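Counting in numbering that gives the first Met the number 0, the sequence shown runs from 0 upward without gaps. For glycine and all other residues, C-beta sits at the position ideal for the given N, C-alpha and C. This structure is a prediction, so every number in the text was calculated from the model and none was measured. Structure record follows, encoded as structure tokens.
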Amino acid sequence: MHVSKLLIVDDSRSVLAFILDFFLDDENYEVFTAENGKVALEVFEDEKDIECIIMDWEMPVMSGLETLVEIKKINPKMSVIVMSAKNGVSDVQKMLSYGANDFIIKPFTREIFLDKVKAVLEKKKNS
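Shown next, in the form of structure tokens:
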């Protein structure tokens, strides 16, 4: 059985806890968390086989944009999904233009979140 390693990055503990609940009984995933972009980069450097990073766009210490740019420098093929309460076309276009593979608008449901993650992982597997 293949286990997909995910890194979830959000400065809100309640959002991290909400997302972690999605994976409690799912042995197909190993989930790492980080509370900001700086910590995310440290985890990403330590865990070389992370397959997908799902991160907030607006964070203290290091913004989602700054984090995305650094992640893509380290691994241009890394799959990244951005979470944001912003849903304007220009915001989404900016996320995608910097290399995000997809986006999730907050608030979201378990089903929406997992569907997005599975789709990105499936696309990565087939590329």
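Rounded separation between residue i and residue j - CA only
i    : j    : result
V91  : E44  : 27 Å
V79  : F112 : 13 Å
G63  : W56  : 4 Å
K124 : D10  : 29 Å
R109 : F102 : 14 Å
is_contact[residue i, chain B] using C-beta, thresh 9 Å
i   : result
T66 : Here chain B cannot be found, since the structure has a single protein chain.
Where the alpha helix (DSSP H) containing residue i begins and where it ends
i    : result
F112 : 109-124
M94  : 88-96
S78  : Segment 78-83 is the beta strand (DSSP E) holding S78; no alpha helix (DSSP H) there.
D45  : 36-45
From the options, residue whose alpha carbon lies closest to that of residue i
i   : options            : result
P59 : D114, V8, A99      : V8
E65 : A99, K76, D48, E46 : A99
I18 : M54, V88, S89, V42 : M54
Whole-angstrom C-beta distance between residue j and residue i, which should lie under 8 Å
i    : j   : result
K105 : A84 : 4 Å
V61  : N35 : Note on residue identity: the sequence assigns Met, not Val, to residue 61. Indeed they touch by this definition, with Cβ atoms about 6 Å apart.
Segment limits, beta strand (DSSP E) that includes residue i
i   : result
S11 : S11 -> no beta strand (DSSP E), and no H or E assigned at all.
Item checked: Any 3 or more C-beta pairs closer than 8 Å across the region 1-13 and the region 22-31 -> yes
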